[in-house]
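Chains as they are written, first to last, in my numbering: chain A, 2 to 113; chain B, 10 to 123.
Just so you know, even glycine gets a beta-carbon here, dropped at the ideal spot from N, CA and C.
As the structure is a computational prediction, the values presented were derived from the model and not from experiment.
What follows is a short report on a single structure.
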Amino acid sequence: DAKTTQPTSMDCAEGRAANLPCNHSTISGNEYVYWYRQIHSQGPQYIIHGLKNNETNEMASLIITEDRKSSTLILPHATLRDTAVYYCIVRVASNQGGKLIFGQGTELSVKP
Amino acid sequence: DAGITQSPRYKITETGRQVTLMCHQTWSHSYMFWYRQDLGHGLRLIYYSAAADITDKGEVSDGYVVSRSKTENFPLTLESATRSQTSVYFCASRPGQGADSEAFFGQGTRLTVV
């Protein structure tokens, strides 16, 4: 599974969009980009994933560059409850195996 | 109740003792995983299993043993606990079929080895 690089920490004002970058320059053509977050002391929670196209769900949007070497997770209107560590992970499709290997993640602090 | 549950939630044990952490999921997911998370760090994969009776080592498997005799259970055993194994342990599961599927995590077991 390809490795990812994320900033250690970021701040965001409440109500503003939070844009969390992730570099995955060694990603393979069959690897998906997944985002999880971990709120203090809880188990990680799935947010969104994508292969090539941009994706949006009720929680966030995922923007993947055309060369797939980087992506950005967007929380459109961050709230205090979005304060968490955000993990960007790349892995192969579920039916090809694909264990989740976590990096250090980005600690997002949403401030009033 | 549907979901993934870990037990116990908290455990204190002595150095050298054997301790087993339990993980149970009700979805019949093929894959199950064990992670440990040390204070201020990310999650590290200990063991994973693709199906019943199929297990494989992760990044930090030394000192741990797993079994998967039934699809829904994936116990993790510390054969002789050491202080360095003090950590929060998370279990996860996900379906094996389909091109893309999310993993679901338990609430964690906080283990302290004294």
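- Near chain A, meaning a CB-to-CB distance below 9 Å, the residues of the segment 48 to 69 of chain B are His50, Gly51, Leu52, Arg53, Leu54, Tyr57, Ala59, Asp65, Gly67 and Glu68.
- DSSP places serine 93 of chain B in the helix class (H, G or I) of the three-state scheme.
- Remark: C-beta atoms of isoleucine 64 of chain A and asparagine 58 of chain A do not approach each other more closely than 7 Å.
- Residue range 40 to 46 is occupied by the beta strand (DSSP E) that includes tryptophan 43 of chain B.
- For a Cβ distance threshold of 8 Å, residue set Gly44 and Pro45 of chain A lies close to phenylalanine 99 of chain B, ordered along the chain.
- With the criterion set as a beta carbon lying under 9 Å from some beta carbon of chain A, the segment 80 to 94 of chain B has no members that meet it.
- With a cutoff of 7 Å on beta-carbon distance, glutamine 34 of chain B and glutamate 81 of chain B are scored as near each other.
- Taking CB atoms only, glycine 106 of chain A has a neighbour in chain B less than 7 Å away.
- For the segment 48 to 63 of chain A, the set of residues with a beta-carbon nearer than 7 Å to any beta-carbon of chain B comprises His50, in chain order.
- Within a 10 Å sphere around the beta-carbon of serine 78 of chain B sit fewer than 16 other beta-carbons, which makes this residue exposed.
- Here lysine 112 of chain A is bridged, per DSSP, to A/Ala14.
- Secondary structure at aspartate 83 of chain A: helix, using DSSP grouped into helix, strand and coil.
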